[in-house]
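First up is the structure itself, then whatever we jot down about it.
2 protein chains.
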Amino acid sequence: MSAVDAKALHGLIQQLFERHGASDKVASTVARVLLEGDLLGHHTHGVKLAQGYLKDIRAGHARVDPAALETVRQTPVAAQYDANYLLGPYCVEHALAFAANAAKTFGIGIANIRRSHHIACLAAYLQPVTKHGLMPIIYTSDPAVASVAPFGGLDPVYTPNPLAIGIPTSQQPILIDVSMSNITNGLVNKTRAAGEQLEHATLLDNKGQLSRDPEAFFTDPPGSILPLGGLEFGHKGFALGTMVEALTAGLGGFGRRDQPEGWGAAVCVMVLDPEHFGGLQAFEGEMDHFVSRCRSSRERISGQPVRLPGHAGLARRERYLTEGIPLPADVLAAVRSAAADGGLDCPF
Amino acid sequence: MSAVDAKALHGLIQQLFERHGASDKVASTVARVLLEGDLLGHHTHGVKLAQGYLKDIRAGHARVDPAALETVRQTPVAAQYDANYLLGPYCVEHALAFAANAAKTFGIGIANIRRSHHIACLAAYLQPVTKHGLMPIIYTSDPAVASVAPFGGLDPVYTPNPLAIGIPTSQQPILIDVSMSNITNGLVNKTRAAGEQLEHATLLDNKGQLSRDPEAFFTDPPGSILPLGGLEFGHKGFALGTMVEALTAGLGGFGRRDQPEGWGAAVCVMVLDPEHFGGLQAFEGEMDHFVSRCRSSRERISGQPVRLPGHAGLARRERYLTEGIPLPADVLAAVRSAAADGGLDCPF
Chain A
1 MSAVDAKALH GLIQQLFERH GASDKVASTV ARVLLEGDLL GHHTHGVKLA QGYLKDIRAG
61 HARVDPAALE TVRQTPVAAQ YDANYLLGPY CVEHALAFAA NAAKTFGIGI ANIRRSHHIA
121 CLAAYLQPVT KHGLMPIIYT SDPAVASVAP FGGLDPVYTP NPLAIGIPTS QQPILIDVSM
181 SNITNGLVNK TRAAGEQLEH ATLLDNKGQL SRDPEAFFTD PPGSILPLGG LEFGHKGFAL
241 GTMVEALTAG LGGFGRRDQP EGWGAAVCVM VLDPEHFGGL QAFEGEMDHF VSRCRSSRER
301 ISGQPVRLPG HAGLARRERY LTEGIPLPAD VLAAVRSAAA DGGLDCPF
Chain B
1001 MSAVDAKALH GLIQQLFERH GASDKVASTV ARVLLEGDLL GHHTHGVKLA QGYLKDIRAG
1061 HARVDPAALE TVRQTPVAAQ YDANYLLGPY CVEHALAFAA NAAKTFGIGI ANIRRSHHIA
1121 CLAAYLQPVT KHGLMPIIYT SDPAVASVAP FGGLDPVYTP NPLAIGIPTS QQPILIDVSM
1181 SNITNGLVNK TRAAGEQLEH ATLLDNKGQL SRDPEAFFTD PPGSILPLGG LEFGHKGFAL
1241 GTMVEALTAG LGGFGRRDQP EGWGAAVCVM VLDPEHFGGL QAFEGEMDHF VSRCRSSRER
1301 ISGQPVRLPG HAGLARRERY LTEGIPLPAD VLAAVRSAAA DGGLDCPF
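Protein chains in written order, with our numbering: chain A, 1 to 348; chain B, 1001 to 1348.
And the structure:
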């Protein structure tokens, strides 16, 4: 691992997307969101993704022109977009801006995006919204991929279907980004590439046996990832994954039924403004109190105090911004390779 | 167990609330929602609750006058109510009606209710909304109760914080009602009352050891319920419980900080209208396909096909409506006792 300067990394990624035809605005948005993933410590969903995005642009699957984002329907508080596989970070930022404006006037705004390209790390989108005292929520699924089996079943049908929510407090925000399955496709792939075993037996092999071996996922017929809750309480994770499926592919009217093939995402974003409910001050007061009660809970394991979602990431982010980001070797290799493919010298 | 006629049970419950000063509308709403809990098989959250509600009315804590429901703030799509502990089912139905109307015009509607009295079974509210092609979502927490510990902690801070969502399809709807903890307070109480052990070791005793013994929850200091995901993935359930806390007590600006003492609920409801997004027909098409894919997944345990959330409850409901509801002995005893307290003869 070597520490890479965040600004220099942002510059390189932005330049690569600009070289692939993206406008300044699209390229800088994608670079910011990818970089933010690494700053928060989600290296499987950070700048490592740039290489794949750029390949998809060259292959004609991912779009770079913001005009590709088509508004299908719109009311003052709800929008349906069809992104025609425009780069996801730009689409999500656009949808969040619409929803935040609506929320400021009406209390809530919502936008669904169908046929977005991949949208990277959900947590990366939250802080720019929470810092205005607003609460963003993001749901996503990928209708081109099936990796999670419904509870009680063996055949993978849907994706980890994560949701993210940013919660302002008077101090640092709570940043939630969790999948509705026990683990993600990213972790399975990463563990397999490293030739390792998963920490917990949370795959089902194609006969229904629990497994820690990522290879059990890549058989024919394939294995599957268990819904959140596992064999005991996985009906809950399955229900939550179904909820995300409905809010993303269902609401947008484009999903598994349409058998899309390329890398993509069905997305739903909402923004809420506490000022139109009990007021921001009361909201922060309640959440401050909740944070403080959680933190003062006795530790289950001595020396490991309760941490609120996102707080470890925010501490990391602070450190990485001053000391540089210690990119894992596979991420650094992907960045170097993307730079070479794009005809740029990689300064790292 | 004896099978009780649904109509007769509804009549008795409604009459009891009317005798306690509730208007026809309030009494029939509460009776319908409680009965619906039993029809769907959630007997801990059905008519058994009537006794406690009626006691709270007599004690002056629960209110029966619909005028107690005060509108604190309102936009065309968002409302903040203060219920002054009006009976919860009436408050939730009122909030859902507001949100459904807003959704039909704008795509989405939302209402937060602070200081509601208890709101019973969340699943009970869904079908009257999904049958109009709309998607209701309900979140709730009880700021007067602490039973779930934050992930990594031992001291209970918050409640199981369930969410519910109704998803229309072209056939029967998907009805989701799940808590963000592995199990609920209701199950712990019921298991303790029966002198039994829990099916899974998902309590933490006050030293942090896993336990199946409900008594481990009632010690001093108390034990706690694990967040959904348990010891391995409970950071996700904790994050989801925190989300529900923010949308309910946070948004409403009334929660644990205010140290409420009586039985109550902080509630957030949303309704979405797919017609303002990709259209209801496309929505149902996508969800029909998802249901069919899930159902055709090979079974993990032979003879136990994949079931979609709520479908077992709906089959039960159908049967109970014609054959009567086989009320468990504890529920029947509670109904008889409520009738006696209210000076009514119980026909069962």
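Yeah, the Cβ is synthetic: ideal placement off N, Cα and C, and Gly gets one too. Please read these numbers as outputs of a predicted model, since none were measured by experiment.
Hey, would you say residue i sits closer than 8 Å to residue j, going by beta carbons?
| i | j | result |
| --- | --- | --- |
| V1349 (chain B) | V1047 (chain B) | Outside the shown range of chain B (1001 to 1348) lies residue 1349 (chain B), about which nothing can therefore be said. |
| A78 (chain A) | I1138 (chain B) | no |
| N1112 (chain B) | G1264 (chain B) | no |
| I174 (chain A) | L308 (chain A) | yes |
| P1227 (chain B) | F1238 (chain B) | yes |
| Y1081 (chain B) | A1062 (chain B) | no |
| I1110 (chain B) | S1181 (chain B) | no |
| A120 (chain A) | L49 (chain A) | yes |
| A1338 (chain B) | Q1015 (chain B) | no |
| V1064 (chain B) | V1004 (chain B) | no |
| V1306 (chain B) | G153 (chain A) | yes |
| V1271 (chain B) | L1096 (chain B) | yes |
| L204 (chain A) | A149 (chain A) | yes |
| R300 (chain A) | G1223 (chain B) | no |
| T1184 (chain B) | P1214 (chain B) | no |
| M287 (chain A) | G1241 (chain B) | no |
What first and last residue would you give for the beta strand (DSSP E) that runs through residue i?
| i | result |
| --- | --- |
| S1002 (chain B) | S1002 to V1004 |
| R114 (chain A) | I108 to S116 |
| I183 (chain A) | Neither: I183 (chain A) is in no beta strand (DSSP E) and is coded neither H nor E. |
| R1257 (chain B) | Note, R1257 (chain B): premise wrong, no beta strand (DSSP E); not H, not E. |
| V331 (chain A) | From DSSP, V331 (chain A) is part of no beta strand (DSSP E) but of the alpha helix (DSSP H) over A329 to D341. |
So, under 8 Å CB-CB, residue i and residue j are touching, yes? Tell me the CB distance rounded to an integer number of Å.
| i | j | result |
| --- | --- | --- |
| K1104 (chain B) | D1273 (chain B) | 6 Å |
| G1278 (chain B) | R317 (chain A) | That pair is no contact at about 36 Å. |
| I1013 (chain B) | L1034 (chain B) | 6 Å |
| A1123 (chain B) | D1038 (chain B) | Rounded, the Cβ-Cβ distance is 11 Å, inconsistent with contact. |
| P1221 (chain B) | D1155 (chain B) | 7 Å |
| V244 (chain A) | S141 (chain A) | 6 Å |
| R1212 (chain B) | A1194 (chain B) | Not quite, the Cβ-Cβ distance comes to about 13 Å (not below 8 Å), so this is no contact. |
| L1134 (chain B) | A1100 (chain B) | 6 Å |
Counting only Cβ pairs nearer than 9 Å, list the residues of chain B close to residue i.
| i | result |
| --- | --- |
| L198 (chain A) | Per Cβ cutoff of 9 Å: no residues; L198 (chain A) is ~11 Å from chain B at best. |
Taking Cβ-Cβ distances shorter than 8 Å, what residues in chain B pair up with residue i?
| i | result |
| --- | --- |
| I176 (chain A) | A1239, L1240, T1242 and M1243 |
| L154 (chain A) | S1297, R1298, E1299 and R1300 |
| V157 (chain A) | F1290, R1293, C1294 and S1297 |
| P214 (chain A) | Near P214 (chain A) there are no residues of chain B at all, since even the closest Cβ is about 17 Å away, more than 8 Å. |
| R114 (chain A) | G1278 |
| V26 (chain A) | Within chain B, no residue comes near V26 (chain A); the closest Cβ sits about 24 Å away, beyond 8 Å. |
Using a Cβ cut-off of 9 Å, pull out every chain A residue sitting near residue i, in sequence order please.
| i | result |
| --- | --- |
| C1091 (chain B) | Going along chain A, no residue has its Cβ under 9 Å from C1091 (chain B), so there is no contact; the nearest lies around 15 Å. |
| L1228 (chain B) | L228, G229, F233, K236, G237 and L240 |
| N1182 (chain B) | G229, E232, F233 and K236 |
Just the chain A side, please: which residues come within less than 7 Å of residue i by C-beta, in chain order?
| i | result |
| --- | --- |
| T1075 (chain B) | F106, G107 and H276 |
| A1282 (chain B) | G253 |
| A1149 (chain B) | S297 |
| P1136 (chain B) | Near P1136 (chain B) there are no residues of chain A at all, since even the closest Cβ is about 12 Å away, more than 7 Å. |
First and last residue of the alpha helix (DSSP H) that includes residue i?
| i | result |
| --- | --- |
| P128 (chain A) | Q127 to T130 |
| D38 (chain A) | D24 to L39 |
| E215 (chain A) | It is not in any alpha helix (DSSP H) - E215 (chain A) carries neither H nor E in the DSSP assignment. |
| F1238 (chain B) | G1230 to E1245 |
| L1314 (chain B) | H1311 to E1323 |
| R58 (chain A) | A50 to R58 |
Where DSSP assigns a beta bridge to residue i, which residues make up the other side?
| i | result |
| --- | --- |
| L272 (chain A) | A:I108 and A:M135 |
| V1148 (chain B) | B:Y1158 and B:I1225 |
| E299 (chain A) | B:G1153 |
| L1175 (chain B) | B:G1166 |
| L204 (chain A) | A:L210 and A:S224 |
| D82 (chain A) | A:E70 and A:R114 |
| S141 (chain A) | A:A266 |
| P326 (chain A) | A:A3 |
| R63 (chain A) | A:L86 |
List, in order along the chain, the chain A residues whose C-beta lies closer than 8 Å to that of residue i?
| i | result |
| --- | --- |
| N1101 (chain B) | Under the 8 Å cutoff, chain A gives no residues; its nearest Cβ is about 14 Å from N1101 (chain B). |
| I1350 (chain B) | Residue 1350 (chain B) lies beyond the residue range present for chain B, which begins at 1001 and ends at 1348; the question has no answer from this structure. |
Cβ closer than 7 Å: which chain B residues qualify as neighbours of residue i?
| i | result |
| --- | --- |
| F254 (chain A) | G1278 |
| R257 (chain A) | G1285, E1286 and H1289 |
| Q171 (chain A) | In chain order: nothing, as chain B lies at least about 14 Å away. |
| Q127 (chain A) | Correct list: empty, because the minimum Cβ distance to chain B is about 15 Å. |
| A312 (chain A) | Ordered by position in chain B, no residue passes the 7 Å Cβ test against A312 (chain A), which lies about 10 Å from the chain. |
| I110 (chain A) | G1107 and I1108 |
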